[in-house]
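K.L.:
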Amino acid sequence: MDFVRKLFKGNLNLIGRIMFGAAGLILLASLFLPWWHLDLVAPQYPEGLSVIVYPDKLDGRIDIINNINHYIGMKWISEEDFPEFQVITKVAYVIIGLALITALVKKRWLAWLTAGLGAVGGMIGVYDLWRWLRDYGTQLDPMAAIKIDPFTPPIIGTNKLANFITYTGFNSGGYLLGLSIILMLLAAWRFKEHEKQKE
Amino acid sequence: MEKGLFKKIVLSLAGLLVGLVIAVYLSAQLNPEAEAAAAFGGKNISVDGVPDDVVQAALKTYVPPGQLDEYYMFASGGHSGNVFVYGVPSMRRIRTIPVFTPESAVGYGWTTESKEMLGEWSWGDVHHPALSETKGDYDGRWLFVNDNANSRAARIDLDSFRTSQILDIPNIYGPHSAVFMTPNSEYFMLGSRFAGPIPYGTYSPIENLSKDYNCVLAAVAIDPNNGEMSVGWEVLMPPWSFDLSDAGKLDSEGWAFLTTYNTEEAYELLEVNASQREMDYVVALNWKMLEQAANEGKYKIVDGVKMIDPLDVPGSVYLVPAMKSPHGVDVTPDGKYFIANGKVAPVATVFSFEKFKECIDNKDFQGEERGFPVVNYEKVRVAEVPVGLGPLHTQFDGNGYAYTTLFIDSTIAKWSLDTFEVVDVTPVHYCPGHLCAAEGDTVSPDGKYLVSLNKLAKDKFLSVGPSHPESAQLIDLTTDKMKILMDVPTDPEPHFAQMIKADKITTWEVFEKDPSQPGAVYEKENARIERDGNNVTVYQMGFRSRYYPDHVEVNEGDHVTWYLTNTDFDEDITHGFGICLYDLNAEAQPGETIKFEFVADKAGVYPFYCTNFCSALHQEMQGWFIVKPKGL
């Protein structure tokens, strides 16, 4: 019994534990929501063509976008080209697991580890996204019918490309992911028990 | 003296001129509309110069850019073999649907499927469109039309505006008395216009018309799930000319009413000889009773169809005397009256269904013809409305008024179903046949718009030589007096039309990907040409702006089966496909796979290309069909 009590005797306070628990659940919820999107709008597509990125799949009107992109020689966008989709959810589950354990055992070192993993993972994700955007926008087929200057759409913002204006940004899942990481960092940083006062 | 005389003449002329100018000025001041109307006939028209009521009328039909019409109107295209779709109130023609005639605009008649559907005929005569109904109201699922020439009926699916089935109807020569829909689309019916010996191909001299010739009423059953048509049963009718028809509804549900002329059974100079009797008939059939007879086996098979002799089913057919050679018959929205239009008698005769039933119950008959009881005219008729000369058809609004076209008078009369008096008459331009009121054939007409389908349009549009277009005129029914809002030229030759609220129709835009369907290829790797002896099958893909493969070589005499899949699953991105000098043309809608088959009987090189503009590089969407000569 003493061992078990010791195991649960960490120095994260109640609010910190709640925040970690919440962070885990929010991250879990985000896995079922879109993380990021790209919308293409042109005169003949007033309804917009979108690419929606989930943690494990692509959605939206990719076939139509691919068909149009061949004019400028852009690589065919296909889910199989993204090994990330095999990994992201697994990493997320690990972090979710760690966050929930942290909430249970209250250990600050575990809190920092989990929050750190989340933050680093998030940063890698954003970098990966930017890399793909640059890849698609700059490695254009030199044989393409329509020659355009290489481009990299911003991760959040707008970009003009021929008759299309692209609108990019995070979606609900992406915001939840960010919130989850912030919650964990904040909890690890601020919400520890003041042992001296308690004693 | 001479000088004085000259002065007098000059002065009096000048006085007259000044007086005239003042008079014109004053009359213009007193009656500005007259001046405006005069200006309207001139060349320079500005909005300022157009009378206010003309501007108001134009505004009522104006649909601003980006906005949509309130109604679809489906007009038959007569011997053009098409159905024309208009938006109301703008009266813009938004689609031509080919039904009984090849239409190269959409490749209808060249693909294997459409070729099979058209069968051996290259034209048809579309007469009366009928929208499918649920509880007597349009449900927006299907449109059915008849072919008066080659005894067929067709279904147009209203989710795609395509003809999807054509059905041959045996034993009917010219189904003019068609099509009319029963209130829950159980059946639509077709009645013969021309008497003839049945089945087809039977010979009998024309002198034997009364003995050997027959007319027929066919009940075509509709599958409630997919609209599939099949001939349910037919009824053997006398060799009269059945003209128009309507199904009973609400109170009169279960009955069908047909007008007939030539009860004289004449067979030459019908103009005279079929117009001798003072009274012809509205024929009333109890179709539920006949349906039951068909189910009970009271029929014989004629040309593969269950043929019921109504004399074997007593009580199923009655004759209602109607003024000489009646044309249209129309059942009121409440189903309580049926109205026969005189054609050569200047009245619309209103019959009470209730009194008709009473006559049957009381056996109040004034005689019998060909074994059918003739009900007592005096008892059944409730009014003879003096609508004018040449009444043909009647439609209804939701406020208890009927509207009847007067072919000879070139007017439309509005009359009350309460007092049976004419309350308004408007001239039309000219010779109206049918007319179409918004949802006017349902149990709850909208009464907002009326379209007069005129046979002549003399002087109404820019001249196009001796054959003028027909015309349709949009009439406002929201005011007490009917008001013509707009004139529209139409192609030959609308007979009837039906108008349905636009929101009742739901269309789809793109074909679904279906790898199981024969010939479909969705991946470049699968696009290919296969040979099996003399049979070559082409599995081709088309998308903006390419074909895969883009050259196809066969040997002279090969039998070619060509599949083309449009892999642009994108709204409104259609690809055409035409082979130059090979008389082949088709069109693949987004996601669609089309098929055509032909023999490569001409050696040489024949370019093929996309006929339907698809992209900036549309012109480059092409390839070559190469036919290697025999013995090379």
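Protein chains in written order, with the UniProt record's numbering: chain G, 1 to 199; chain Y, 1 to 632. The beta-carbon is built from N, C-alpha and C at its ideal position, and this holds for glycine as well.
Could you list which residues in chain G have their beta carbon closer than 9 Å to that of Y/Phe569, in chain order?
P.N.:
The answer, in chain order, is Arg61, Asp63, Ile64, Asn67.
K.L.:
Are the C-beta of Y/Phe608 and some C-beta of chain G separated by less than 7 Å?
P.N.:
False, the Cβ-Cβ gap to chain G never drops below 7 Å.
K.L.:
Using a Cβ-Cβ cut-off of less than 7 Å, list which residues of the stretch 139-159 of chain G approach chain Y; keep chain order.
P.N.:
Going along the stretch 139-159 of chain G in chain order, one finds Ala145 with a Cβ nearer than 7 Å to chain Y.
K.L.:
Pull up the distance between the alpha-carbon of Y/Ser275 and that of Y/Asn262, whole angstroms please.
P.N.:
Using only the alpha carbons, I get a separation of about 7 Å.
K.L.:
Starting from Y/Asn534 and walking both ways along the alpha helix (DSSP H), at which residues does that stretch end?
P.N.:
Careful: Y/Asn534 lies outside any alpha helix (DSSP H) and carries neither H nor E.
K.L.:
Kindly list, in the order they appear in chain G, the residues whose Cβ is closer than 8 Å to that of Y/Phe543.
P.N.:
Those are Asn67, listed as they occur along chain G.
K.L.:
Does the beta-carbon of Y/Gly465 have 16 or more other beta-carbons within 10 angstroms, so that it is buried, or is it exposed?
P.N.:
Exposed.
K.L.:
Please check if any C-beta of chain G sits within less than 7 Å of the C-beta of Y/Leu617.
P.N.:
Yes - at least one Cβ of chain G is within 7 Å of the one on Y/Leu617.
K.L.:
What does DSSP give as the partner residue(s) for Y/Pro310 in the beta ladder?
P.N.:
Answer by DSSP bridge pairing: none, since Y/Pro310 is not bridged.
K.L.:
Distance check for G/Pro46 and G/Asn67, CA to CA, integer angstroms please.
P.N.:
Roughly 17 Å between the two C-alpha positions.
K.L.:
Could you please give the first and the last residue of the uninterrupted alpha helix (DSSP H) stretch that includes G/Ile15?
P.N.:
Per DSSP, G/Ile15 belongs to the alpha helix (DSSP H) from 14-30.
K.L.:
Using the rule of at least 16 other Cβ atoms within 10 Å of the residue's Cβ for burial, across every protein chain shown, is Y/Tyr337 buried or exposed?
P.N.:
Classification of Y/Tyr337: buried, given that the 10 Å Cβ count is 16 or more.
K.L.:
Under the DSSP definition of a beta bridge, which residues are partnered with Y/Phe598?
P.N.:
Answer is Y/Val560.
K.L.:
Can you give the Cα-Cα distance for Y/Asn171 and Y/Asp514, rounded to whole angstroms?
P.N.:
One C-alpha to the other measures close to 40 Å.
K.L.:
Let's see if you can read the secondary structure: which residues bound the alpha helix (DSSP H) around Y/Thr61?
P.N.:
52-61 is the span of the alpha helix (DSSP H), which, as asked, contains Y/Thr61.
K.L.:
Can you give the beta carbon distance from G/Ile155 to G/Leu179, rounded, assuming they're within the 8 Å contact cut?
P.N.:
About 17 Å; that fails the 8 Å criterion.
K.L.:
Where does the unbroken alpha helix (DSSP H) through Y/Cys359 begin, and where does it stop?
P.N.:
Looking at the DSSP string, the run of the alpha helix (DSSP H) that includes Y/Cys359 is 353-361.
K.L.:
According to DSSP, simplified to helix, strand and coil, what is Y/Lys524?
P.N.:
Three-state result, Y/Lys524: helix.
K.L.:
Distance, Cα to Cα, Y/Ser467 vs Y/Phe461?
P.N.:
Distance between the alpha carbons of Y/Ser467 and Y/Phe461: 12 Å.
K.L.:
Check whether the stretch 610-625 of chain Y touches the stretch 108-126 of chain Y, counting contact only when three or more Cβ pairs, one atom from each stretch, lie closer than 8 Å.
P.N.:
No: the two stretches stay apart, fewer than three of their Cβ pairs being nearer than 8 Å.
K.L.:
Should Y/Tyr522 and Y/Gly623 be called a contact, given that it needs their Cβ atoms to be closer than 7 Å?
P.N.:
No.
K.L.:
Compare the beta carbon distance of Y/His559 and Y/Asn585 with 7 Å and say whether it is the shorter of the two.
P.N.:
No.
K.L.:
Kindly identify the DSSP beta-bridge partner or partners of Y/Cys436.
P.N.:
Paired residue(s): Y/Val451.
K.L.:
Mind checking whether the beta-carbon of Y/Ala75 lies closer than 6 Å to any heavy atom of the ligand NAD?
P.N.:
Absent from the structure shown: the ligand NAD. Ligands present: none.
K.L.:
Out of Y/Val425, Y/Tyr401, Y/Ile412, Y/Thr405, point me to the one whose CA is closest to Y/Asp418's CA.
P.N.:
Nearest of Y/Val425, Y/Tyr401, Y/Ile412, Y/Thr405 to Y/Asp418, Cα basis: Y/Tyr401.
K.L.:
Determine, using beta carbons only, whether Y/Asp568 and Y/Leu477 come nearer to each other than 7 Å.
P.N.:
Taking 7 Å as the Cβ cut-off, Y/Asp568 and Y/Leu477 do not qualify as a contacting pair.
K.L.:
List the DSSP bridge partners of Y/Thr349.
P.N.:
Per DSSP, Y/Ala340, Y/Glu384.
K.L.:
Using DSSP with H/G/I as helix, E/B as strand and the rest coil, what is Y/Ala241?
P.N.:
It is worth fixing the name first, because residue 241 of chain Y is Ser in this sequence and not Ala. Reduced to three states, the DSSP call for Y/Ser241 is strand.
K.L.:
Per DSSP, which one or two residues make a beta bridge with Y/Ser177?
P.N.:
Partner(s): Y/Gly191.
K.L.:
So what's G/Gly121 in DSSP terms, helix, strand or just coil?
P.N.:
G/Gly121 falls in the helix class under three-state DSSP.
K.L.:
Taking a contact to mean a Cβ-Cβ separation below 7 Å, would you say Y/Pro445 touches Y/Ala457 in this structure?
P.N.:
Their beta carbons are not under 7 Å apart, which means Y/Pro445 does not touch Y/Ala457 by this criterion.
K.L.:
Quick check: Y/Thr259 and Y/Ile339, are their CB atoms within less than 7 Å of each other?
P.N.:
No; because the gap between Cβ atoms is not below 7 Å, this pair is not in contact.
K.L.:
Out of Y/Phe496, Y/Glu268, Y/Cys614, Y/Lys630, which one is the CA nearest neighbour of Y/Asp246?
P.N.:
Taking only the C-alpha atoms, the option nearest Y/Asp246 is Y/Phe496.
K.L.:
Is it a yes or a no for the stretch 275-292 of chain Y touching the stretch 225-240 of chain Y, going by three-plus beta-carbon pairs under 8 Å?
P.N.:
As far as the Cβ criterion goes, the stretch 275-292 of chain Y touches the stretch 225-240 of chain Y, which means the pair count is three or higher.
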